[in-house]
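Under numbering that gives the first Met the number 0, the first residue of the sequence shown is numbered 0, with each subsequent residue one higher.
We treat Cβ as the ideally placed atom computed from N, Cα and C, and that holds for glycine.
Note sheet for the following structure.
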Amino acid sequence: MKYYRNINTNLIHGFESDGSQDELITDEFKPLTKTEKDRLINPQKYLSEEEKRNIFLSTLTPLTRRQFKLALLENDLLDRVESTIETIPDSLLRKRLQIEYTESDEFQRQSESVIAMCNLLELKEEEVDSLWQKAMTL
0 MKYYRNINTN LIHGFESDGS QDELITDEFK PLTKTEKDRL INPQKYLSEE
50 EKRNIFLSTL TPLTRRQFKL ALLENDLLDR VESTIETIPD SLLRKRLQIE
100 YTESDEFQRQ SESVIAMCNL LELKEEEVDS LWQKAMTL
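Here it is, written out as structure tokens:
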């Protein structure tokens, strides 16, 4: 493919490399530079770390209550989570996390309650991500 940017609309158009569409390439089309073409074809190479992280997080599907608790059990965290929640000094936060933990049907990786629990347990993001990926298979 040959790629051109329409200078009037700023839209990118692809034309067959064999020349069969060359009559469609008018003066309002400017060929993409090598870098522009690479960005078009390989956008993942140009993502920021934050964008890569967000894409990764979007692959972590919600866990059922069963998956979540089995993952905690398999990682020796089940009792720790429950005892840590019980020892939260702020009664409002403690009650909120107790409700979230005991009443939720599913758990979202980026939910406030999951993040709060992980912070209380001093788990690193990489540890939680790994635990989550494993839990998705349970």
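Rounded to the nearest angstrom, the Cβ distance from A115 to Q66 is 19 Å, too far for a contact under 8 Å. With 16 or more other Cβ atoms from the protein chains shown falling within 10 Å of its own Cβ, Y100 counts as buried. Approximately 21 Å separates the beta-carbon atoms of W131 and R95; this is outside 8 Å, ruling out the contact. For I6, same chain residues with a beta-carbon under 7 Å away, outside a window of 5 residues either side, are E27, K29 in chain order. When DSSP states are grouped into helix, strand and coil, P61 belongs to the coil group. Taken atom to atom, the span from the alpha-carbon of E73 to that of T32 is near 52 Å. The DSSP-derived three-state label of E102 is helix.
For F28, the beta-bridge partners assigned by DSSP are N5. In this chain, the beta strand (DSSP E) harbouring I11 covers 11 to 14. As the crow flies, the alpha-carbon of L69 is around 8 Å from that of L137. Nearest in C-alpha terms to M0, of all of D37, S110, T8, is D37. The beta carbon of G13 lies closer than 6 Å to those of M0, Y2 in the same chain, with the five residues before and after it left out. About 13 Å separates the beta carbons of R79 and I87, which is beyond the 8 Å limit, so they are not a contact pair.
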